[in-house]
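**Q** The numbering of the sequence shown is our numbering, which starts it at -8 and goes up by one. In this text, a Cβ means the ideal position worked out from N, Cα and C, and glycines have one as well. These numbers were taken from a predicted model, which means no experiment stands behind them.
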Amino acid sequence: MSEITEVPHGDLLVMLRHAPHGGLWLREALDLALVGAAFGQSVSLLLMGDGVWALLQGQGPGPLGQKGSQSTFEMLEMYDIEHLYIDSESLEERGLTRDDLLLPVIEVPTSELSTVLAGHRQIFNF
-8 MSEITEVPHG DLLVMLRHAP HGGLWLREAL DLALVGAAFG QSVSLLLMGD GVWALLQGQG
52 PGPLGQKGSQ STFEMLEMYD IEHLYIDSES LEERGLTRDD LLLPVIEVPT SELSTVLAGH
112 RQIFNF
C-alpha cells in the first residue's frame, strides 16, 4: 500500500462513498468498473467515507441477502483495474488500518483528492 506519488490519470473514476451493505451502491459501482474495463477504458476506484468498509477483510453476505463483494474486488487486477485509491482520513476515522484491508491501496490525503478527481475524464459517484 502506497501513497499517491504521481498525478493520477484515466478514463473513468468510480467513487464508492456508501457502506457495502444496505443498498445496491457497491454492487452497481463494481459492475460499472468491470464493464468499463472490459470495453478498454482505463478505470480507477476511489473509496471514501463509509465506502472504505467495502475493503474490510472477511466480509460475508449483507443482512438483506446481498452477495459478498470480496470475490469481485479480487477480480479487479484481472480486468486491469490497478489504481485503487482510498481517502486516508476516512480510513483513520473508522479506526481501520492497512492490515484490515483486503487489497493494497494508494492512500490519498483528503487535501489531495482533487488531484485524483482532476486526473480522470469521467467520474461516477456511488
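Would you decide whether residue 69 is buried or exposed? Buried here means 16 or more other CB atoms lie within 10 Å of its CB.
**A** exposed
**Q** Exposed or buried, what is residue 100 when buried is set at 16 or more other beta-carbons lying within 10 Å of its beta-carbon?
**A** Around the Cβ of residue 100, a 10 Å sphere holds fewer than 16 other Cβ atoms; the residue is exposed.
**Q** In this structure, what does DSSP give as the bridge partners for residue 118?
**A** This structure gives no information on residue 118, because the portion of the chain shown stretches from -8 to 117.
**Q** Between which two residues does the alpha helix (DSSP H) containing residue 79 stretch?
**A** Counted as a single uninterrupted DSSP element, the alpha helix (DSSP H) harbouring residue 79 occupies residues 79 to 84.
**Q** Which residues mark the beginning and the end of the alpha helix (DSSP H) in which residue 98 is found?
**A** Counting along the chain, residue 98 falls outside any alpha helix (DSSP H), though it belongs to the beta strand (DSSP E) covering 97 to 99.
**Q** According to the Cβ coordinates, are residue 104 and residue 64 closer than 7 Å?
**A** no
**Q** Find the nearest neighbour of residue 0 within the set 36, 40, 29, judged by alpha-carbon distance.
**A** 36
**Q** Going by DSSP in three states, residue 11 sits in which element: helix, strand or coil?
**A** coil
**Q** Counting only the same chain and skipping the five closest in sequence on each side, list residues whose C-beta sits under 7 Å from that of residue 71.
**A** 28
**Q** Could you say which of 84, 113, 110, 88 lies nearest to residue 41 if we only look at CA atoms?
**A** 84
**Q** Whose CA, out of 12, 38, 31, 21, lies closest to the CA of residue 97?
**A** 38
**Q** I'd like to know whether the C-beta atoms of residue 7 and residue 20 end up nearer to each other than 7 Å.
**A** In this structure, residue 20 lies closer than 7 Å to residue 7 by Cβ.
**Q** Taking residue 10 as the reference, which of 3, 18, 4 has the closest Cα?
**A** Considering only alpha carbons, the answer is 18.
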